[in-house]
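Q: Line order of the protein sequences matches chains R and H. According to the numbering used here, the first sequence holds residues 1 to 243 in order. According to the numbering used here, the second sequence holds residues 1001 to 1144 in order. Just so it is clear, CB atoms sit at the ideal spot from N, CA and C, and this is done for glycine as well. Here you go, one structure.
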Amino acid sequence: MDPGALVLAMGLSRRRLTSLTPDEGRGIVASTLTTNEGAGSAMSDVIAKAPPEVVAPPREAAGPIIPVRGLPIVAAVIAGLVAAIASNSLWALNFLHVSCGALWTAIDLFMGFVIGPTLARMEVPARIALTRRLMPQMLLIMPTLVLVTLTTGWQLARYFGYLVLPYPQRWWLVASYIVVGVMAIVAYGVLEPANISVLLELRKPRPNALLIGRLMRRFIFTAGVTGVMQVATLVIMTRITTW
Amino acid sequence: MNPSGAGAPEADEPYLGDTSRSPVVGCMLASIVCAFLSVGIIAAYLPRPAPLSWSVGFLVASAALLAGALVFLLRRRHFAWRLFFAVARWVLVLTLVFTAMAVYVFVSDGTPATTLAIMAVVLLLAAVDIPVLIGFSVARHERT
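Structure (structure tokens):
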């Protein structure tokens, strides 16, 4: 996901961002939340057009970050996962692993290389509206997909006897552990903190453009690393299944 | 904001968040890496018994780094503790679900008791590491 487009949408270079005063920065975000002309406006106009009472986030933005209505669905998926493991059903394990793994890889690549560039070409208010609604859902969807994919993948490896394969074939499995580890480090160390910080900032009556801009630069880095890791996952998985 | 990021920020300065290189983040990331290495070494041998010395070593290192991170965290002044806990508790729910599922899988696979115990401890460490890391990384940018 590339909410960093928000900053690009504001028409701010890095140098310009760091030279803004707090009030200027807040005014710019306020403008992008309320008008279509934030990127090109003179700074004084921007601030003048953004009185505090106008830029308060919409009602739905004031609720919990996590979409609570999605939790029962997550619980149902996890219950299905437990049932598949307990029954040791090859079909169920295969179904969950392939479907969730495909979704995980596809969503990662789609967000990084399709939605991100598309967002950069959208109208500013549309970008912000999409980011506000999409990112909370991603906070539920992606961890669920990851949990199901990894757990069923391990069970399938045990089922097919991949765990007792000798080296050097076993290295393919070890490589998959390394890929998952790298993705986890990037997600927990960089991506999720920035994700949540931006969401929290966007929910404030006066979001801080300077802070959002700085956090958003991390997404460029993570999109590249995640893309490489997902391609590596495809290579490893297709190699293992064609032994 | 002052250069260290740990003190009270100046109200009239442009605020870019906490831009300092925090030892908390360094320790937490190193702790997570050590936890992953500890589990990874065991996983690379399963279902055969793994040599536990390296795994235990990484486990101890992970615990020490977590303790160090918590000390650094508790020494911070002007920190948004309310936001930290608000974020960390949701992430903790997530990591506990991951941990519970992993332990369930290893138990159902008949993993040897000693190996299982080490993996459970490492996974619990990671389950604490991750909420603290994400909670801190979010709350550090809150202007207090």
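Specify, as a first and last residue, the run of the alpha helix (DSSP H) that Gly116/R falls within.
A: 116 to 120
Q: Can you tell which of Ala1139/H, Ile1130/H, Phe1084/H has its C-alpha closest to the C-alpha of Ala187/R?
A: Ile1130/H
Q: Any C-beta of chain H sitting closer than 8 Å to the C-beta of Ile78/R?
A: yes
Q: Helix, strand or coil, according to DSSP, for Glu192/R in the structure here?
A: It is helical.
Q: Return helix, strand or coil for Val1056/H, following the three-state DSSP convention.
A: Helix, per DSSP.
Q: If you follow the alpha helix (DSSP H) that Arg1089/H is in, where does it begin and where does it stop?
A: Here the alpha helix (DSSP H) through Arg1089/H covers 1081 to 1108.
Q: Hey, out of Val82/R, Leu140/R, Asn88/R, whose CA is closest to Pro72/R's CA?
A: Leu140/R
Q: Cα separation between Phe133/R and Ile196/R?
A: Note on residue identity: the sequence assigns Arg, not Phe, to residue 133/R. When rounded, the distance between both Cα atoms is 13 Å.
Q: Indicate whether at least one CB of chain H lies closer than 8 Å to the CB of Ala50/R.
A: The predicted position of Ala50/R is uncertain, since its pLDDT is 39 and thus under 50; a value taken from the coordinates is nonetheless stated next. Cβ-Cβ to chain H under 8 Å: no for Ala50/R.
Q: Please identify the residue among Gly181/R, Pro166/R, Thr151/R, Trp172/R whose C-alpha is closest to the C-alpha of Ala1100/H.
A: Nearest of Gly181/R, Pro166/R, Thr151/R, Trp172/R to Ala1100/H, Cα basis: Thr151/R.
Q: Quick check on Gln155/R: buried or exposed, where buried means 16 or more other Cβ atoms within 10 Å of its Cβ?
A: buried
Q: If you draw a straight line from the C-alpha of Ala83/R to the C-alpha of Val77/R, how long is it?
A: 10 Å
Q: Let me see if you follow: with CB-CB separation under 8 Å, is Ser1108/H close to chain R or not?
A: yes
Q: Roughly how many angstroms lie between the CA atoms of Tyr1104/H and Arg1048/H, to the nearest whole one?
A: 18 Å
Q: Report yes or no: do three or more beta-carbon pairs, one from the segment 174 to 185 of chain R and one from the segment 116 to 126 of chain R, lie closer than 8 Å?
A: no
Q: Which bits of chain R does Pro1023/H rub up against, with CB to CB less than 7 Å?
A: None at all; the shortest Cβ gap to chain R is about 14 Å.
Q: Within the same chain, show all residues whose beta-carbon is closer than 7 Å to that of Glu60/R, passing over the 5 residues directly before and after it, in chain order.
A: Its pLDDT being 48, under 50, Glu60/R is placed unreliably by the model, and the measurement read from it follows with that caveat. Result list for Glu60/R: empty, nothing under 7 Å.
Q: Out of Phe1136/H, Glu1142/H, Arg1143/H, His1141/H, which has the shortest C-alpha to C-alpha gap to Phe1072/H?
A: Cα-wise, what sits closest to Phe1072/H is Phe1136/H.
Q: Kindly indicate if chain R contains any beta-carbon less than 8 Å away from that of Val1105/H.
A: yes
Q: Determine contact between the segment 162 to 173 of chain R and the segment 1038 to 1048 of chain H, defined as no fewer than three beta-carbon pairs at a distance below 8 Å.
A: yes
Q: Nearest chain R C-beta to Leu1074/H closer than 8 Å, yes or no?
A: Closer than 8 Å: no.
Q: Compare the beta carbon distance of Val1056/H and Ile1134/H with 8 Å and say whether it is the shorter of the two.
A: no
Q: Looking at the C-beta of Ser89/R, does it have a partner C-beta in chain H at a distance below 8 Å?
A: Closer than 8 Å: no.
Q: Please work out which residues of its chain come closer than 7 Å, Cβ to Cβ, to Leu211/R, disregarding the five sequence neighbours upstream and downstream, and give them in chain order.
A: Glu201
Q: So which of Trp243/R, Thr226/R, Ala232/R has the shortest CA-CA distance to Ile107/R?
A: Thr226/R
Q: Cβ of Thr105/R within 8 Å of Cβ of Leu234/R?
A: yes
Q: Suppose you measure from the CA of Ala42/R to the CA of Arg206/R; what does that come to, to the nearest Å?
A: Because Ala42/R sits at a pLDDT of 34, beneath the cut-off of 50, its placement in the model cannot be relied upon, and the following sentence gives the value as read from the coordinates. Roughly 19 Å between the two C-alpha positions.
Q: Does the structure place the segment 1023 to 1038 of chain H close enough to the segment 1082 to 1095 of chain H that three or more beta carbon pairs sit under 8 Å?
A: no
Q: Is it buried or exposed, Phe219/R, if we count other Cβ atoms within 10 angstroms and call 16 or more buried?
A: buried
Q: So Ala1080/H and Ala1139/H are supposed to be a Cβ contact under 8 Å. How far apart are they, rounded?
A: 4 Å
Q: Which of the three DSSP states, helix, strand or coil, is assigned to Ala223/R?
A: Shown here, Ala223/R sits in a helix according to DSSP, grouped into three states.
Q: Checking contacts by CB at 8 Å: is Thr151/R closer than that to chain H?
A: Residue-level contact by beta carbon holds for Thr151/R and chain H, with a gap shorter than 8 Å.
Q: Give the straight-line distance between the Cα atoms of Ser87/R and Leu93/R, rounded to the nearest whole angstrom.
A: 9 Å
Q: Can you tell which of Thr144/R, Gln169/R, Val98/R has the C-alpha that lies nearest to the C-alpha of Gly70/R?
A: Thr144/R
Q: Could one say the Cβ of Arg239/R lies closer than 8 Å to chain H's Cβ atoms, at least one of them?
A: Cβ-Cβ to chain H under 8 Å: no for Arg239/R.
Q: Measure how close the beta-carbons of Ala223/R and Gly116/R come, nearest whole angstrom, since I'm counting them as under 8 Å.
A: 6 Å
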